[in-house]
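Participant: I'd like to ask some things about the structure below.
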Amino acid sequence: MTGKLVSTDVLVIGGGLAGERCAIEAAAAGHDVLILSLVPPRRSHSCAAQGGMQASLGNCVKAEGDNPTLHFLDTVRGSDWGADQEVARIFAEEAPIAVRELAHFGVPWSRVRGGKNSYFIKGERVEIEERPENEGLIMARDFGGTAKWRACYAAAGTGHAVLYAVDQEVVRLGITVRDRAEAVELIHDGSRCWGAVARCLRTGEHFPIIAKATVIATGGYGRVYGQYTTNATINEGMGAAIALNTGVVPLGNMEAVQFHPTALSPSGILVTEGCRGDGGYLLDKDLHRFMVEAEPEKQELASRDVVSRHMAQRMRDGKGVETPYGPHLWLDIRHLGEKHVTTKLREVFDICRDFVGLHPAHDLIPVRPTQHYSMGGVRVNKDGQAYNMEGLFAAGEAACWDMHGFNRLGGNSLAETIVAGRLVGRSVAKFAAGMPLDTNTSLAFEATRHAESCAEEWLGRSGDGPGVYELRDAMGETMIRNVGIFRTGEELEQGVNDLRTLHEDCDKAVLRSKVPGMNPELTFALRLKSMLRLALVTAEGALARTESRGAHFRTDYPLRNDAEWLNRTLVRWQADAAEPEFSYEPVGLIDLPPGHRGYGSDERIELTTPVDDYNADVDDQQEQHGKLGTMEPMGSRIKWRAWEQSV
Amino acid sequence: MSSGVTTAGRRLRFEIFRLNPEDPNSTPHMQSYELDETPYMSLFIALNEIREKQDPSLQYDFACRSAICGSCGMMVNGRPALGCRTLTSDLPDVITLHPLPVFKLVGDLSVDTGTWFREMVEKTEGWIHAKEAFDPDAQEERMDDDTADAIYESDRCIECGCCVASCGVANVNDDFLGPAGLNRIARFAMDPRDERDNSEWFDVVSNQDGVFGCIGMMACHDICPKELPLLEVYAYLRRKALASAFTD
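If you read the sequences in order, they're chains A and B. Here the first sequence is numbered in this note's numbering, starting from -1 and rising by one per residue. Here the second sequence is numbered in this note's numbering, starting from 172 and rising by one per residue.
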């Protein structure tokens, strides 16, 4: 049975930080906003971010001289030059405002304590005198791949504290939240989006929501890696999937998948980078601190892609601790002392005690690199407007905005959710202002009917086909085995073939349960084919990209190749087409020319065209790939060559 | 602290409450499932195993599976607990699971905590009542780090609902703010950024739906998965209420 049609000015799909911050901006501008969320918003996966949020406040001694330009430089280098540099610049400029706004919303940021403070830096205990005049300003800790201490934090529960503060504002503004509801299909006519079809996860009923503007803010697609992810069970990538399923909206850089160096082994629960930021070590089975020789300059605090690769290599070299669940390495924070571990890293203490029964001030923590973050997502322009689909926006991890390129720096995701939420919220508000909601409701009911028929089709199947969880597990195993940290053409090809088979098998799968209501098995089955499509475009994108850049590492093409691959992968998939279509657009205007990141390999294939030539037709080329017009012209926010004084 | 070590070859029996409100033929009943225990088996692992291999209709909620999102509160052998951080090795061979009381049932072990907590936040106006509008060009207001730590300590509540389920008063009085609600009030009352004064807090706190409704059984303090110091929180609120009564 179809539920009642709902209408709103702005529909935000996803109740995490990016979605909620965007909703606040649109609501504050006077729009009627509806947030759709799989779970109560405070249970969104944003709450699991631990260690920090990057913003160049420069309040503590180790952050002195920091500024948005240095943050911009670190972000572009971290991305291995895959980022859109204008977006990285906008982000770095606005991150300090975002952090201060969160203080205004109530986040209990750790503060500078004037006078003598004791820190661990590169294996040494160091006493630093914090300036008394900075007492009480927002403190920062060190994180990977940054020139300064820049990660603002609240113990190791930063995401939780930020999410609660932002959700408090959502409640204060009286924004409607519909939790336990899932967007299963966008309502669109091929060039204009008019909302989404939702499925109620209490009753199983479908209902159309029509909206002037629709925002996808559903987070990443880590669960296509099955259990080999730090992500929550709800991070199944359905926002990216419903965009892909339109056939016209491209996803960007889906092969850019981050592996976090320190997930608990074997459960995959995240242990924050803040552990290494605060002075923690990585040790192999001989208790040898291998990162010192691997990366003499940054040691444990190189970027995540680089650290994860060194760790994976160490385990390949037989230096991992063998267990029935596979090898792991050790994270050592014992020397930070009991007080630090139980206060500034309190959540790490809790996790270690609750899930592996150890005390991190006395015991080593078993860790291994695990899928963590999706740099790829719904491709949008700098205003957050999706390519090829007017009225559709995306923000946060679900989007490919694209400030992370091929590797995101730790602490830049929390910052992105708020900065992008503010900015995309403003574009959405502007877009929806004064616009009539003049859509044809038959479009909405047609889409609803289609979504319902998908559920009916599953319920109508019978026979002895495979079960949905069996296929999910096979997908996860394929992804970790063939599309992991080290990739080769041969393994990727095998992975693509295996995923194609699973994609076909999905049409033969049958449900074991046909109970009325939301039916948890049916709920998952309705996502399965979409997840397989996301997995396939990830694997195929990785196979096609014959270079190594950031987190995408091909052992058969180990060099970054700026001559041929300084571009962004775009993929579209027509609803009834057998194959996705890949195309490539320039990464964006280049301000900082490609060079060495300061860690990792210094070898690469150089860009052959002069940067000015590269920049000359970026706008035109991106428009040909579906980019819609922006409120300000391309490049308006770049501070050309402002970085020159800083290198 | 849990050992995670299992007794060799234990066969566990789960007795699980079942009711699907969307199915007119469904009636409340207990259903049994059996499972071989594995090392470090949590209720997250066990329930997934049951649903995926034995009974795909079983409803429950998990998201982060690392005790930070608060989705998986349930009654485990009569005590409220987070399923994800409850290891079977800490439990006897027979494990009985019920949904949390007080909250509206969604189905089987799944309850609607979202609606309850949104209402609580609305009732307590659980947000910063700022003195001034945010100025994007200004440096942040200073705060003492000890104050920030103290606010963070009570801000750590994950709204799992375990305390509410364990509370004798919340189980009989729908209007009682509950341990999580009182903790929220304390969190804002101690925050110097919030402009509400003692007399305003007095109205919310000082009646039988507030801190004086608590009859002091303190099950909440014992079962809070985040180990919030609720005993101290109530003492703080009572003192604050008293102070405001004498000063007004």
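Quick reminder that beta carbons are idealized off the backbone N, C-alpha and C, glycines included. Bear in mind that the values here come from a model prediction, so they are computed numbers and not experimental data.
#1: Can you tell me whether DSSP reads B:GLY244 as helix, strand or coil?
#2: Which word fits A:ARG479, buried or exposed, when buried means at least 16 other C-beta atoms lie within 10 angstroms of its C-beta?
#3: Under 8 angstroms between C-beta atoms, does A:VAL37 make it to chain B?
#4: Can you tell me the Cα-Cα spacing of B:GLN379 and A:ALA152, whole angstroms?
#5: Does any CB atom of chain A fall closer than 8 angstroms to the CB of B:ILE239?
#6: Determine, for A:HIS158, whether the minimum Cβ-Cβ distance to residues of chain B falls below 8 angstroms.
#7: How would you write the range of the alpha helix (DSSP H) that B:MET201 sits in, first residue to last?
#8: Thinking A:GLY113 and A:GLU125 are a contact (beta carbons under 8 angstroms), I'd like their distance in whole angstroms, please.
#9: What residue does the alpha helix (DSSP H) around A:LYS428 start on, and which one ends it?
#10: Exposed or buried, what is A:SER460 when buried is set at 16 or more other beta-carbons lying within 10 Å of its beta-carbon?
#11: Give the DSSP-derived three-state secondary structure of A:PHE443 in the structure shown.
#12: Quick check: the Cα distance between A:ILE57 and A:ASP400, rounded to an integer number of angstroms?
#13: Quick check on A:ASP315: buried or exposed, where buried means 16 or more other Cβ atoms within 10 Å of its Cβ?
#14: Tell me the rounded alpha-carbon separation between A:SER670 and B:SER203.
#15: Would you say B:ARG181 faces chain A, with C-beta separation under 8 angstroms as the test?
#16: Are the C-beta atoms of A:TYR223 and some chain B residue less than 8 angstroms apart?
#17: Residues of the region 191 to 212 of chain A with a CB closer than 8 angstroms to any CB of chain B: list them in chain order, please.
#18: Take the Cβ of B:TYR405 as the centre, count every other Cβ of all protein chains shown within 10 Å, and call the residue buried at 16 or more, exposed below.
#19: Let me see if you follow: with CB-CB separation under 8 angstroms, is B:GLY278 close to chain A or not?
#20: Which value, in whole angstroms, describes the spacing of the CA atoms of A:LEU32 and A:GLY17?
#21: If I measure Cβ to Cβ from A:ALA576 and keep anything under 7 angstroms in the same chain, skipping five residues before and after, which residues do I get?
#22: I'd like the list of long-range same chain contacts for B:PRO192, defined as Cβ closer than 7 angstroms, with 5 residues on each side in sequence excluded.
#23: With a threshold of 8 angstroms between beta-carbons, can B:VAL292 be considered close to chain A, or not?
#24: Going straight from the alpha carbon of A:ALA561 to that of A:LEU590, what length do you get?
#25: Please list, in chain order, the residues of the region 303 to 316 of chain B that have any C-beta partner in chain A closer than 8 angstroms.
#26: Please go through the region 129 to 174 of chain A and give each complete alpha helix (DSSP H) segment of 4 or more residues, from N-terminal end onward.
#27: Mind checking whether the beta-carbon of A:ASP64 lies closer than 7 angstroms to any heavy atom of the ligand PLP?
#28: Look at the Cβ atom of A:VAL365, then the Cβ atom of A:HIS326, and state whether they are nearer than 8 angstroms.
#29: Quick one: using the 10 Å Cβ neighbour count with 16 as the cut-off for buried, is A:MET629 buried or exposed?
#30: When we look at the beta-carbon of A:ASN495 and count the other beta-carbons within 10 Å, is it buried (16 or more) or exposed?
#31: Just to make sure I have the definition right: I need the residues of chain A whose C-beta is within less than 8 angstroms of the C-beta of B:ASP194. Which are they?
#32: May I ask you to report which of helix, strand or coil DSSP gives B:GLY352?
#33: Just how far apart, CA to CA, sit A:THR147 and A:ALA61?
#34: Within 10 Å of its beta-carbon, does B:MET386 have 16 or more other beta-carbons around it, so buried, or fewer, so exposed?
#35: Let me know the secondary structure DSSP gives A:HIS333 once reduced to three states.
#36: Hey, A:LEU249 and A:CYS398: beta-carbon distance below 8 angstroms or not?
Facilitator: Checking against the coordinates, here is how it stands:
#1: In this structure, B:GLY244 counts as strand in the three-state DSSP scheme.
#2: Counting Cβ neighbours within 10 Å, A:ARG479 comes out exposed, since fewer than 16 surround it.
#3: The Cβ of A:VAL37 sits closer than 8 angstroms to at least one Cβ of chain B.
#4: Cα to Cα, B:GLN379 sits roughly 34 angstroms from A:ALA152.
#5: For B:ILE239, a Cβ of chain A is located within less than 8 angstroms of the residue's own Cβ.
#6: A:HIS158 has a beta carbon lying within less than 8 angstroms of a beta carbon in chain B.
#7: First-last for B:MET201: 200 to 207, but that is the beta strand (DSSP E), not the alpha helix (DSSP H).
#8: 10 angstroms between Cβ atoms; not a contact.
#9: Its alpha helix (DSSP H) spans residues 410 to 430.
#10: A residue is called buried once 16 or more other Cβ atoms fall within 10 Å of its Cβ, and A:SER460, having fewer, is exposed.
#11: In the three-state scheme derived from DSSP, where H, G and I count as helix and E and B as strand, A:PHE443 is classed as helix.
#12: The sequence shown places Asn at residue 57 of chain A, not Ile. Going by the C-alpha atoms only, they are around 28 angstroms apart.
#13: A:ASP315 should be labelled exposed.
#14: Residue numbering for chain A in the displayed model covers -1 to 645; residue 670 of chain A lies beyond these limits and cannot be assessed.
#15: Not a single C-beta of chain A is nearer than 8 angstroms to the C-beta of B:ARG181.
#16: No, A:TYR223 does not count as interfacial toward chain B.
#17: Closer than 8 angstroms at the C-beta level to chain B, one finds these residues of the region 191 to 212 of chain A: ARG200, THR201 and GLY202.
#18: Classification for B:TYR405: buried.
#19: Cβ-Cβ to chain A under 8 angstroms: yes for B:GLY278.
#20: Going by the C-alpha atoms only, they are around 10 angstroms apart.
#21: Excluding residues within five positions, none has a Cβ falling inside 7 angstroms.
#22: So the list reads LEU276 and GLY278, once near-sequence residues are dropped.
#23: Interface residue, yes.
#24: Answer to the nearest angstrom: the Cα atoms are 16 angstroms apart.
#25: From the region 303 to 316 of chain B, only PHE305, PRO307, ALA309, GLN310, GLU311, GLU312, ARG313, MET314, ASP315 and ASP316 have a Cβ closer than 8 angstroms to chain A.
#26: Runs of the alpha helix (DSSP H) lying entirely within the region 129 to 174 of chain A, each at least 4 residues long, are 156 to 170 in chain order.
#27: The ligand PLP is absent from the structure shown, which contains no ligand whatsoever.
#28: Yes, the Cβ-Cβ distance between A:VAL365 and A:HIS326 is below 8 angstroms.
#29: Residue environment for A:MET629: exposed (fewer than 16 other C-beta atoms within 10 angstroms of its C-beta).
#30: Exposed, since its Cβ has fewer than 16 Cβ neighbours within 10 Å.
#31: For a Cβ distance threshold of 8 angstroms, residue set VAL513, PRO514 and GLY515 of chain A lies close to B:ASP194, ordered along the chain.
#32: In the displayed model, B:GLY352 falls within a helix according to three-state DSSP.
#33: The sequence shown places Trp at residue 147 of chain A, not Thr. Straight through space, the alpha carbons of A:ALA61 and A:TRP147 are spaced by roughly 5 angstroms.
#34: This sequence places Ile at residue 386 of chain B; Met is not what is there. It counts as exposed.
#35: In the structure shown, A:HIS333 sits in a helix (DSSP, three-state: H, G or I).
#36: For A:LEU249 and A:CYS398, yes; Cβs fall inside 8 angstroms.
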